[in-house]
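What follows is a single structure, written as structure tokens, with notes after it.
There are 2 protein chains.
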Amino acid sequence: MATIKDVAKLAGVALSTASYALNGDSKVSAKTRAKVVEAARQLNYRKNGIAMDLKRSQTNTIALILTDMSGPYYSELIHSVQEVAISNGYDLIACSSMGGRDSTAVKFLREKRVDGAIVLASNINNEVLIEAAEQGFPIIVMDREINSDFLVSVLVDGEQGGYVATRYLIDHGHKRIAYISGPANSYDSQLRYQGYLRAMAEAGLEEQSKWRLNGNFVREGGYSATKMIIMQGELPSAIFYGNDEMAVGGVKAFQEQGISIPEQVSVIGFDDIQLSEYLSPSLTTIRQPMHEAGSLAAHLLFQRLSGADVNREYKLTIEMIERNSVRQL
Amino acid sequence: MATIKDVAKLAGVALSTASYALNGDSKVSAKTRAKVVEAARQLNYRKNGIAMDLKRSQTNTIALILTDMSGPYYSELIHSVQEVAISNGYDLIACSSMGGRDSTAVKFLREKRVDGAIVLASNINNEVLIEAAEQGFPIIVMDREINSDFLVSVLVDGEQGGYVATRYLIDHGHKRIAYISGPANSYDSQLRYQGYLRAMAEAGLEEQSKWRLNGNFVREGGYSATKMIIMQGELPSAIFYGNDEMAVGGVKAFQEQGISIPEQVSVIGFDDIQLSEYLSPSLTTIRQPMHEAGSLAAHLLFQRLSGADVNREYKLTIEMIERNSVRQL
DNA sequence: GTGAAAGCGCTAACAA
DNA sequence: TTGTTAGCGCTTTCAC
Chain A
768 MATIKDVAKL AGVALSTASY ALNGDSKVSA KTRAKVVEAA RQLNYRKNGI AMDLKRSQTN
828 TIALILTDMS GPYYSELIHS VQEVAISNGY DLIACSSMGG RDSTAVKFLR EKRVDGAIVL
888 ASNINNEVLI EAAEQGFPII VMDREINSDF LVSVLVDGEQ GGYVATRYLI DHGHKRIAYI
948 SGPANSYDSQ LRYQGYLRAM AEAGLEEQSK WRLNGNFVRE GGYSATKMII MQGELPSAIF
1008 YGNDEMAVGG VKAFQEQGIS IPEQVSVIGF DDIQLSEYLS PSLTTIRQPM HEAGSLAAHL
1068 LFQRLSGADV NREYKLTIEM IERNSVRQL
Chain B
768 MATIKDVAKL AGVALSTASY ALNGDSKVSA KTRAKVVEAA RQLNYRKNGI AMDLKRSQTN
828 TIALILTDMS GPYYSELIHS VQEVAISNGY DLIACSSMGG RDSTAVKFLR EKRVDGAIVL
888 ASNINNEVLI EAAEQGFPII VMDREINSDF LVSVLVDGEQ GGYVATRYLI DHGHKRIAYI
948 SGPANSYDSQ LRYQGYLRAM AEAGLEEQSK WRLNGNFVRE GGYSATKMII MQGELPSAIF
1008 YGNDEMAVGG VKAFQEQGIS IPEQVSVIGF DDIQLSEYLS PSLTTIRQPM HEAGSLAAHL
1068 LFQRLSGADV NREYKLTIEM IERNSVRQL
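So the sequences go chain by chain: A and B. The number in the working numbering is simply the position in the first sequence, starting from 1, with 767 added. The number in the working numbering is simply the position in the second sequence, starting from 1, with 767 added.
Written out as structure tokens, the structure reads:
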């Protein structure tokens, strides 16, 4: 591996001159520059980015931290963040937080291998975030409320989402409404559930405990929970799935039993994943404004990076996506 | 930002002792270690990973480079690579190659910000890869054949895939078969097309130029190409879409015109994206063994990293996924 | 068991 | 315009 030292030597100039030449500094003469560039070419010289970062004390890259880098659900988010990063002249990398404390994500956060981060990974606990964030190392958190300097939250109003979804069912004449939840410790799941409860209470409806099941936010969980409901004999008139993944599983369970949606049971989801539009019937759901959320998060990060002050918390509102899985009673 | 120097000073020990203590070296006494750890805690000391990487001349992380970090299609790949990375004690980051020469991906490759990379990004040209790869910096390429030291290819046999897909249609009695291609410069598209041609020729069938359209591998392209075919009046009996995304667009175009699949026209795709199973009718397609491919690529990378020799090229075979979009004539 | 010091490859202030 | 030099924060050899 040739270093800049080798290049300088071969070109017969000082180290600094080589550095200037290679970085396009205007104070080096065209002739010298040519010599240096030629030497670099000959040696197949490649700058060591790490050394540069160390010297500059900045990496010019930000990290997007996700539990699982690959969820289709993140697509929009990644795009919008990337767009903003590029337009600010920054690079973006994605890291996974799988593995918790020894995950890549935590390493990048703790060891400051990037200049800032956007986090959407519920398996990273508050403590890690609070410790990592500091002056000059802003973190934008997208999945929780958290109160600490150098940390800002960009949230989607899940309580409202849960309320709107449930309200939509009620307005369509449904009274016996089941809720399939995510993991018990999920902040998102709790909010949606609260919204559900609020709408139910407001309409004077009672939640039935046999119709509150856990599906862990995964397809398989939605499937099992739905099976359970079917086996109980009495079907609710509508089911609110805490996310679309579980709804997909639920739809499958109903199909297998020959129970038709929305004729025999109405279904509503949450997230508006890509699949939802293509299910049959297409899934009525709640869309989170992921593009806006990502864009906002990224903008805030760069504002913090440039020293500007921003609020502690931003809350975006959801959008109802009406399709064909809910029947008017 | 406290550095190790500050920690050493506060603990009243030498720099090196602090380093040893913090890294759990056995030669420092329990008492000294306690002092150091306490000082670090007080100062909220965080090791600077970049400095460490520079000193060690290695980062312990590998990069997975994708054109677009978010394609649902990559999900399996990412998982399998991550699994192998973790089991080798390495970290994984994903970078996008959007932006070509000034993309994050190229920067990470050229400036050796990682120890090695797996590349699946057709917008990065050979030259960049050849220049970047060298002794101690292995690159595994998943989307092309490329001949250079320090570069190894892991490929899925696209020609065979195209052949199998087309052959499947022919075996089901189809003779008038259209092919919707990806971008003209796409290596994958070309291979699939060649496989198509081989199967056609073998069966003594002629390709009709009016039924060879470009859909650029995107949904919208599949939609337009299909519209075009419909407008031409005479429908082929089957269409082979170069990938599932285009097939999804095509199915939509047919639905809009009230043309039913597979009764009036059969459809086959390529890739087996998540959606395919949920389309109605569910899409018959060709699955690429992405899990195996990712796993193999990662294993090879670590083998190269540890100095072992591996072959220049590995080729995996595809799998036929029979569903309901092709009719037996 | 602890400390002094060299140096990873680079940038940038300062001197010439 | 070019060269000399001091670090960035860390690990690690070597001497004590």
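For each residue, glycine too, the CB sits at the ideal point set by N, CA and C. Please read all numbers here as calculations on a predicted model, not as lab measurements.
Would you report the Cα separation of residue i and residue j, rounded to the nearest angstrom?
i	j	result
residue 772/A	residue 1088/B	57 Å
residue 864/A	residue 1053/B	32 Å
residue 1062/A	residue 1069/A	11 Å
residue 1093/B	residue 1008/A	33 Å
residue 968/B	residue 933/B	11 Å
residue 860/A	residue 829/A	6 Å
residue 1050/A	residue 824/A	49 Å
residue 1040/B	residue 1078/B	30 Å
residue 797/A	residue 814/A	21 Å
residue 1090/A	residue 931/A	15 Å
residue 1071/B	residue 898/B	17 Å
residue 904/A	residue 862/A	17 Å
residue 951/A	residue 973/B	60 Å
residue 805/B	residue 791/B	14 Å
residue 1073/A	residue 778/B	34 Å
residue 840/B	residue 1022/B	24 Å
residue 1076/A	residue 902/A	12 Å
residue 957/A	residue 956/B	46 Å
Can you name, in chain order, every residue of its own chain whose Cβ lies under 7 Å from the Cβ of residue i, other than the five neighbours on each side?
i	result
residue 1055/B	923, 1038 and 1085
residue 769/A	810, 811 and 812
residue 795/A	784, 787 and 788
residue 959/A	925, 928, 929, 1009 and 1037
Nearest to residue i by alpha carbon, out of the options?
i	options	result
residue 978/A	962/A, 1091/A, 960/A and 945/A	945/A
residue 985/B	930/B, 1011/B, 802/B and 859/B	1011/B
residue 927/B	1083/B, 885/B, 1008/B and 1067/B	1083/B
residue 987/A	903/A, 1081/A, 972/A and 947/A	947/A
residue 850/B	1072/B, 1060/B and 980/B	1060/B
residue 776/B	799/B, 1073/B, 955/B and 958/B	799/B
residue 1047/B	1028/B, 1040/B and 866/B	1028/B
residue 975/B	999/B, 954/B, 957/B and 955/B	999/B
residue 1066/A	803/A, 884/A, 793/A and 840/A	884/A
Please state if the CB of residue j and the CB of residue i are separated by a distance shorter than 8 Å.
i	j	result
residue 1064/A	residue 848/A	yes
residue 990/A	residue 949/A	no
residue 891/B	residue 872/B	yes
residue 962/A	residue 929/A	yes
residue 937/A	residue 888/A	no
residue 774/B	residue 801/B	no
residue 935/A	residue 1042/B	no
residue 965/A	residue 1003/A	no
residue 842/A	residue 837/B	yes
residue 996/A	residue 980/A	yes
Using a Cβ-Cβ cutoff of less than 6 Å, which residues in the same chain neighbour residue i once the five nearest sequence positions on both sides are dropped?
i	result
residue 994/A	1020
residue 826/B	820, 881 and 882
residue 1005/B	936, 941, 944 and 1033
residue 894/B	none
residue 1080/A	920
residue 982/A	947, 988, 989, 992 and 1013
residue 954/B	911
residue 1057/A	843 and 844
residue 1024/A	997
residue 803/B	778, 785 and 788
Leaving out five residues on either side along the sequence, give the residues of the same chain with a beta carbon under 8 Å from the beta carbon of residue i.
i	result
residue 900/B	906, 915, 916, 917 and 918
residue 1096/A	939, 940, 941 and 1004
residue 896/B	876, 886, 906, 908, 913, 915 and 918
residue 867/A	873, 890 and 891
residue 1026/A	997, 1002 and 1032
Run the proximity test for residue i: is its beta-carbon closer than 7 Å to any non-hydrogen atom belonging to the ligand COA?
i	result
residue 829/A	The model depicted lacks the ligand COA and carries no ligand whatsoever.
Segment contact, 8 Å Cβ cut-off, at least three pairs: the region 828-839 of chain B with the region 815-829 of chain A: no
Tell me, please, whether the region 872-879 of chain B touches the region 845-856 of chain A by the rule of three or more beta-carbon pairs shorter than 8 Å. no
Mind the definition here: the region 918-936 of chain A touches the region 776-785 of chain B only if three or more C-beta pairs lie below 8 Å; say whether that holds. no
Should the region 895-912 of chain B be called in touch with the region 1026-1034 of chain B, which here means at least 3 C-beta pairs below 8 Å? They do not touch, by the three-pair rule.
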